[in-house]
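A.B. asks: I have a structure I would like to understand better, so I am pasting it below and will then ask my questions one at a time.
Numbering (the working numbering), first residue to last: 170 to 379.
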């Protein structure tokens, strides 16, 4: 298996669990928040900076700077850009380094876009009905009631959407952006992981027939 699996997800949809399940079953590395730790180590920034900027929208222009030049940390222009852009670029470079090491599962962080055109990816978006996401958030955080869980879901997804739409120049959560979009409530978390695994097998098989 040579394909990187990237997973975008709505808050409370179970996307992280599904990614972990896939990585365990396929015996490949799994990256979510641990990606931030590696990016911090490789860039020299403290981990708290990455945590603060994690999947949060920026307010200024970077798209052409990143994608037209493929700029890395060694570029001379790097020292002249804002901190949030430096954090994005460090994470962007780390994602590409991780992918170069072999198959893995990466959750969020515009990974599908960072790897576009440089390696084989299966890009997946996991979503679920609002009531199921609220329930999962309440199970995860016992201090939340329905209203607070919904508020956290709404705010987090708004940040993720803005972050992705800004940097990726595509639309977060829109079917045409991904290879596969799945309702985790319709199939269950384990069932969703199984469907992704089967889709991966089909994609790998299709490559051999080309």
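Every residue, glycine too, gets a C-beta built ideally from N, C-alpha and C.
From the DSSP output, which residues share a beta bridge with residue 199?
C.D. replies: Per DSSP, 274.
A.B. asks: Taking only the alpha-carbon atoms, compute the straight-line gap between residue 366 and residue 360 and give it to the nearest angstrom.
C.D. replies: Taking the straight line joining both Cα atoms gives about 10 Å.
A.B. asks: What does DSSP give as the partner residue(s) for residue 174 in the beta ladder?
C.D. replies: Answer is 274 and 291.
A.B. asks: What does the alpha-carbon distance come out to for the pair residue 271 and residue 172?
C.D. replies: Approximately 8 Å between the Cα atoms of the pair.
A.B. asks: Here's the rule I'm using: 16 or more other beta-carbon atoms within 10 Å means buried, otherwise exposed. How should residue 232 be labelled?
C.D. replies: Note on residue 232: pLDDT 41, under 50, position unreliable in the model; no value is reported.
A.B. asks: Report yes if the C-beta distance between residue 276 and residue 184 is below 8 Å; otherwise report no.
C.D. replies: Yes, the pair counts as a contact, with Cβ atoms nearer than the cut-off.
A.B. asks: Can you give me the start and stop residues for the beta strand (DSSP E) that residue 351 sits inside?
C.D. replies: First-last of the beta strand (DSSP E) with residue 351: 349 to 352.
A.B. asks: Please determine if the region 285 to 300 and the region 198 to 216 are in contact, where contact requires at least 3 C-beta pairs separated by less than 8 Å.
C.D. replies: Because the criterion of three Cβ pairs below 8 Å is not met, the region 285 to 300 and the region 198 to 216 do not touch.
A.B. asks: Is the Cβ-Cβ distance between residue 336 and residue 219 less than 8 Å?
C.D. replies: No, the Cβ-Cβ distance between residue 336 and residue 219 is not below 8 Å.
A.B. asks: Any idea if residue 318 is buried or exposed, counting beta-carbon neighbours within 10 angstroms, 16 or more meaning buried?
C.D. replies: Burial call: buried.
A.B. asks: Between the region 199 to 208 and the region 293 to 307, do at least 3 Cβ pairs fall closer than 8 Å?
C.D. replies: No, because fewer than three Cβ pairs between the region 199 to 208 and the region 293 to 307 fall closer than 8 Å, the two stretches do not touch.
A.B. asks: On a CA-only basis, which of 174, 180, 179 and 315 is nearest residue 200? Give me that one, please.
C.D. replies: Among 174, 180, 179 and 315, the Cα nearest to that of residue 200 belongs to 174.
A.B. asks: Alpha carbon to alpha carbon, how far is residue 376 from residue 254? Give it in angstroms, no decimals.
C.D. replies: Straight-line Cα distance between these residues: approximately 36 Å.
A.B. asks: Between the Cα of residue 298 and those of 327, 324, 325 and 353, spot the shortest distance and give me the residue it belongs to.
C.D. replies: Ranking the options by Cα distance to residue 298, first place goes to 353.
A.B. asks: Determine the direct distance from the alpha carbon of residue 198 to that of residue 265, and round the result to whole angstroms.
C.D. replies: Cα to Cα, residue 265 sits roughly 14 Å from residue 198.
A.B. asks: So the candidates are 269, 303, 296 and 278; which of them puts its Cα closest to the Cα of residue 288?
C.D. replies: That would be 269, whose Cα lies nearest to the Cα of residue 288.
A.B. asks: Taking residue 334 as part of the alpha helix (DSSP H), name the residues at either end of that continuous run.
C.D. replies: From DSSP, the alpha helix (DSSP H) with residue 334 extends over 315 to 337.
A.B. asks: Taking the beta carbon of residue 281 as the centre, do at least 16 other beta carbons fall within 10 Å, making it buried, or is it exposed?
C.D. replies: It is buried - the Cβ of residue 281 has at least 16 other Cβ atoms within 10 Å.
A.B. asks: Opposite residue 296 in the DSSP bridges: which residues?
C.D. replies: Residue 296 is bridged to 352.
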